[in-house]
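Chains as they are written, first to last, in my numbering: chain X, 106 to 408; chain A, 57 to 339. Glycine included, C-beta positions come from ideal geometry on N, C-alpha and C.
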Amino acid sequence: MNKSAKSLSPIRGSSWLRNKQYTPIAFLAPTLVLLLTFAIIPMFWGLGLAFTEYPLLQPPRFIGLENFRRLMDDPVFWASLRNTCYYIIGTVPPRIILGFVVALLLNQAILGRNLLRAMFYFPVIAPLVSVSLLWQWMFNTHFGVINSLLRLIGLAPVPWLTSSKYALTAVMIMSVWKTIGWNMVVFLAGLQGISPSYYEAAQIDGANSWQCTRYITLPLLRPIVLLALVISTINSSKVFEQVYIMTGGGPGYSTMTLVQQVYHSAFQSYEMGYASAISLVLFAIVMVLSVIQFKYLGDRTDE
Amino acid sequence: MNRIGTFSNGKVKVLGRYLAYTLLICTAITTIFPFFWMVSTALKPDNELYRFPPNLVPKKVMWSNLSKAWSSGPFNRYLFNTVLITIITTSITLLLSSLGGVAFGKYKFPGQKILFAAILGVMMIPPQVTLVPNYLILRGLRALNTYWGVIAVSVVNPFGIFLVRQYMQSIPDELMDAARIDGCSEWMTFWRILLPLMKPVLGTLAIFSFTDNWNSFMWPLIIMDRQEMYTLQVGLAFFRGQHMAYPNLLMAVNVVAIIPVLVVFLLFQKYFVQGIQLTGLKG
Chain X
106 MNKSAKSLSP IRGSSWLRNK QYTPIAFLAP TLVLLLTFAI IPMFWGLGLA FTEYPLLQPP
166 RFIGLENFRR LMDDPVFWAS LRNTCYYIIG TVPPRIILGF VVALLLNQAI LGRNLLRAMF
226 YFPVIAPLVS VSLLWQWMFN THFGVINSLL RLIGLAPVPW LTSSKYALTA VMIMSVWKTI
286 GWNMVVFLAG LQGISPSYYE AAQIDGANSW QCTRYITLPL LRPIVLLALV ISTINSSKVF
346 EQVYIMTGGG PGYSTMTLVQ QVYHSAFQSY EMGYASAISL VLFAIVMVLS VIQFKYLGDR
406 TDE
Chain A
57 MNRIGTFSNG KVKVLGRYLA YTLLICTAIT TIFPFFWMVS TALKPDNELY RFPPNLVPKK
117 VMWSNLSKAW SSGPFNRYLF NTVLITIITT SITLLLSSLG GVAFGKYKFP GQKILFAAIL
177 GVMMIPPQVT LVPNYLILRG LRALNTYWGV IAVSVVNPFG IFLVRQYMQS IPDELMDAAR
237 IDGCSEWMTF WRILLPLMKP VLGTLAIFSF TDNWNSFMWP LIIMDRQEMY TLQVGLAFFR
297 GQHMAYPNLL MAVNVVAIIP VLVVFLLFQK YFVQGIQLTG LKG
């Protein structure tokens with residue numbers, strides 16, 4: 106038997122291993138217990154709770170589809186759903202496009218590359234609450250630095266966080282800023298995986314750099330784009346901290362998102378059943394979006 | 057290709073390069089500007105806050121803002137809570153991930169593939185979906201307002217198990233066999249032989265776990281309703297409510313809360329990038 110061929114299973118043969126076959130189970134036991142308690146059971150319990158009325162102080166009571174009927178008539182829910190969709194549509198393309206452009210520019214051998222990369226990446230790991238507080242101050246209508254800049258170039262100040270017209274946009278701007286770096290790193294990894302020989306061949310054929318990007322880089326990066334798209338969409342659909350800190354869901358319900366509403370229903374109004382029903386809608390949206398994106402972009406790679 | 061063609065092509069290239077470089081530097085400055093503004097605001101005296109046009113750099117640098125802000129709330133307690141939770145969670149995450157990774161990467165057992173797929177599948181469940189039931193479970197376990205309540209929910213990291221498993225597959229089985237022949241138990245083989253070999257992958261995992269837990273907000277917000285149990289991030293949000301009119305103090309505590317993350321980032325920047333590129337799974 107060739108020893109370097111790796112599957113030298115510890116279970117096979119030798120007698121000293123026989124009582125060791127429980128080792129991997131023992132190694133995994135704490136993980137499995139925790140996953141069961143805090144991920145799998147909660148998932149099914151949440152599913153069940155969505156069909157109950159549960160004001161926390163009394164035991165849950167089965168009410169069938171009542172929560173979902175209530176959702177249909179709840180203007181706050183529709184506002185949350187609409188805002189979450191706007192947020193996804195408004196932030197996912199810019200973060201991917203900007204991340205891609207920055208990655209393309211940084212993929213060349215230029216001076217200070219590592220420093221620039223660090224500058225783009227730092228917002229990604231900075232605490233979301235801290236940067237939300239920071240942007241809230243920067244977006245301040247009267248004294249914020251953003252409106253000061255607008256005034257300096259002769260534009261009227263914008264009531265960023267105090268008007269229902271602009272509040273969601275302000276939150277989206279901050280979120281895009283926070284996530285460009287992540288997309289950049291993912292795309293840089295993809296770009297570095299493309300063999301330079303493709304570009305050499307294209308250059309001999311007289312392709313310019315736009316054509317190289319369009320016909321070599323983009324098609325080869327399709328799996329990475331897919332990955333970035335799925336993860337960005339899923340993360341966007343769960344937006345919470347920015348909204349909680351910067352606007353609290355307002356003004357009115359103009360920045361209320363699904364997770365924000367789950368939080369409100371569960372931990373402010375103590376309607377656990379209703380909150381679970383909204384969670385379920387969120388879960389469904391995340392799943393549907395992932396499936397659509399995998400299908401659409403997955404097919405295109407076969408071309 | 058004729059010579060003139062190559063020449064002008066080259067010129068366009070140089071021009072394009074400068075343009076790209078300028079664009080890149082401008083974007084990078086814009087990206088980093090908010091942090092500059094945070095520090096600048098933190099060091100401004102009250103009378104420079106509400107001025108137009110604002111001073112880019114404070115005329116009078118108020119270093120005292122930092123200590124004044126820090127002492128206007130129980131921030132030492134918040135910091136202590138955050139450090140404790142972060143250290144314990146990160147340590148347990150590393151241990152569980154390395155054990156799990158070894159179990160999947162170095163052993164064979166019935167149902168292994170299905171179990172591994174199931175664990176990765178769990179990664180797809182958004183924690184926001186299990187918020188309510190998890191709260192109820194911890195309430196049932198009387199773990200509200202405890203450190204364990206925050207820790208228990210955050211320690212399992214399927215991403216970590218995945219990372220260690222991938223890494224383990226590149227380590228030859230002979231090492232484990234040799235240790236066994238020398239009389240090591242399975243646990244000793246893991247502890248003495250495999251764990252030291254995992255240093256690079258555990259390093260990556262540790263910094264991700266550190267930043268995740270340091271930055272974590274939603275879960276501590278829900279679990280902790282007694283002020284002395286707040287973490288730094290929850291405390292910051294609470295402080296904001298009381299000191300709306302003093303953005304300099306708010307930014308001052310903000311600076312202190314970000315510094316540890318910045319230090320870890322500067323020291324281990326390479327690992328962050330590697331970690332993301334390794335799996336693309338961590339956001």
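- The secondary-structure analysis by DSSP pairs residue 167 of chain X across a beta bridge with X/157.
- Under the Cβ distance rule, residue 227 of chain X counts among the residues neighbouring chain A, one pair being separated by less than 8 Å.
- Following the DSSP letters along the chain, one finds residue 266 of chain X in no alpha helix (DSSP H), marked with neither H nor E.
- Taking 8 Å as the CB threshold, residue 156 of chain A lines the interface with chain X.
- If you check the CB distance, residue 290 of chain X and residue 199 of chain X do not come in under 8 Å.
- Identification of chain A residues near residue 312 of chain X by a Cβ-Cβ cut-off of 7 Å yields none; the smallest Cβ-Cβ distance measures about 11 Å.
- Under the three-state reduction of DSSP output, residue 130 of chain X falls in the helix class.
- In this structure, residue 92 of chain A keeps its C-beta atom at 8 Å or more from the C-beta atom of residue 309 of chain A.
- The shortest C-alpha to C-alpha distance from residue 324 of chain A to any of A/285, A/258, A/296 is the one to A/258.
- With fewer than 16 other beta carbons inside 10 angstroms of its own, residue 309 of chain X counts as exposed.
- The CB of residue 136 of chain X comes closer than 8 Å to the CB of 152, 155, 156, 175, 212, 217 in chain A, given here in chain order.
- For residue 253 of chain A, no CB of chain X lies under 8 Å from its own CB, so it is not counted at the interface with that chain.
- Put simply, the backbone Cα of residue 160 of chain A is about 15 Å away from that of residue 212 of chain A.
- With a threshold of 8 Å between beta carbons, residue 104 of chain A makes no contact with chain X.
- Under the three-state reduction of DSSP output, residue 336 of chain X falls in the helix class.
- At a cut-off of 8 Å between beta carbons, residue 76 of chain A contacts chain X.
- Under the DSSP assignment, residue 287 of chain X falls in the alpha helix (DSSP H) whose first and last residues are 272–297.
- Nearest CB-CB separation between residue 250 of chain X and chain A: below the 8 Å threshold.
- Put simply, the backbone Cα of residue 355 of chain X is about 7 Å away from that of residue 269 of chain X.
- The alpha-carbon of residue 237 of chain X is positioned some 45 Å away from that of residue 305 of chain X.
- Contact between residue 307 of chain A and residue 94 of chain A is confirmed by a C-beta separation of about 5 Å, below the 8 Å threshold.
- Within the stretch 268–303 of chain A, the runs of alpha helix (DSSP H) at least 4 residues long that lie entirely inside it are, in chain order, 274–279, 288–298.
- Residues 245 of the same chain have their beta carbon placed closer than 6 Å to that of residue 232 of chain A, with the five preceding and five following residues left out of the count.
- Two segments are said to touch when three or more pairs of C-beta atoms, one from each, lie closer than 8 Å; by this definition the stretch 67–76 of chain A does not touch the stretch 219–231 of chain X.
- Approximately 7 Å separates the beta-carbon atoms of residue 364 of chain X and residue 344 of chain X; this is inside 8 Å, confirming the contact.
- In the three-state DSSP reduction, residue 245 of chain A falls in the helix class (H, G or I).
- For residue 169 of chain A, the enclosing alpha helix (DSSP H) begins and ends at 168–178.
- The stretch 257–277 of chain A makes contact with the stretch 143–155 of chain A: 3 or more CB pairs, one atom from each, lie closer than 8 Å.
- Taken through DSSP and simplified to helix, strand or coil, residue 82 of chain A comes out as helix.
- Residue 274 of chain A is positioned such that its CB atom lies no closer than 8 Å to that of residue 376 of chain X.
- Residue-level contact check: residue 234 of chain X touches chain A, since one or more beta carbons of chain A fall below 8 Å from its beta carbon.
- By the C-beta criterion, the stretch 199–214 of chain A is judged to be in contact with the stretch 174–184 of chain A, since at least 3 inter-stretch pairs fall below 8 Å.
- Around residue 83 of chain A, the beta-carbon contacts reaching into chain X at under 7 Å are 207.
- Under the criterion of beta carbons closer than 8 Å, residue 250 of chain X and residue 110 of chain A qualify as touching, at roughly 6 Å.
- Straight-line measurement puts the Cα of residue 341 of chain X at about 15 Å from the Cα of residue 275 of chain X.
- In terms of Cβ geometry, residue 292 of chain X and residue 326 of chain X form a close pair [threshold 8 Å].
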